[in-house]
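Encoded as structure tokens, the structure appears first; notes follow it.
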Amino acid sequence: MNTESLFEKCKRLTEENRELKTDRIISRKKISNQRLEIESLQRELEIKNFDVSCIPPIQITPQVTEWLLEYGMPWEVFYCDKCKSWFTELDTLFPWGIDNSGCQCDKHEDF
0 MNTESLFEKC KRLTEENREL KTDRIISRKK ISNQRLEIES LQRELEIKNF
50 DVSCIPPIQI TPQVTEWLLE YGMPWEVFYC DKCKSWFTEL DTLFPWGIDN
100 SGCQCDKHED F
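Residue 110, in numbering that gives the first Met the number 0, is where the sequence shown stops; the numbers in between run on with no holes.
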């Protein structure tokens, strides 16, 4: 009886191992395809002479998206180079002033 359960356990583990190998192969193919797609898109950007600096370094927040549409200004206006984050609030004088706009720097200064 013990040998039978060991045999079943070995059989189950062998099947799980086969499934994991298959999953790994599929994952590697997906990663390879994604790398090829990235390279293709990069070449396309180079061909079009696209200025990569136009792409924000981090995900744009919904609030910043709203400001981009509302004020019609580039994303750099709403990005703090010091703490590498988006402003969370705008100066009361915005768009004529931006010195008192809030970002992650303010939170770090409080501590």
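Glycine included, each C-beta is placed from N, C-alpha and C at the ideal position.
Alpha carbon of residue i to alpha carbon of residue j, nearest angstrom
i: Glu-45; j: Leu-35; result: 15 Å
i: Asp-90; j: Pro-56; result: 23 Å
i: Gln-41; j: Glu-75; result: 22 Å
i: Thr-13; j: Arg-23; result: 15 Å
i: Thr-21; j: Glu-7; result: 21 Å
i: Asp-80; j: Lys-10; result: 57 Å
i: Gln-62; j: Glu-43; result: 30 Å
i: Lys-28; j: Met-72; result: 41 Å
i: Leu-92; j: Tyr-70; result: 13 Å
i: Gly-96; j: Gln-58; result: 24 Å
i: Glu-18; j: Thr-60; result: 39 Å
Assigned exposure category for residue i - 16 Cβ within 10 Å defines buried
i: Phe-77; result: buried
i: Ser-39; result: exposed
i: Trp-66; result: buried
i: Trp-85; result: buried
i: Ser-31; result: exposed
i: Ser-26; result: exposed
Any chain C beta carbon closer than 8 Å to residue i
i: Glu-15; result: The displayed structure is made up of one protein chain only, and chain C is not part of it.
Assigned secondary structure, residue i (DSSP; H/G/I helix, E/B strand, else coil)
i: Cys-102; result: coil
i: Cys-9; result: helix
Continuous alpha helix (DSSP H) stretch holding residue i: start and end
i: Trp-95; result: Note, Trp-95: premise wrong, no alpha helix (DSSP H); not H, not E.
i: Pro-55; result: Per DSSP, Pro-55 belongs to no alpha helix (DSSP H) and is neither H nor E.
8 Å contact criterion, which residue i and residue j should meet: CB distance rounded
i: Thr-87; j: Cys-104; result: Contact doesn't hold; Cβ gap of about 11 Å is too wide.
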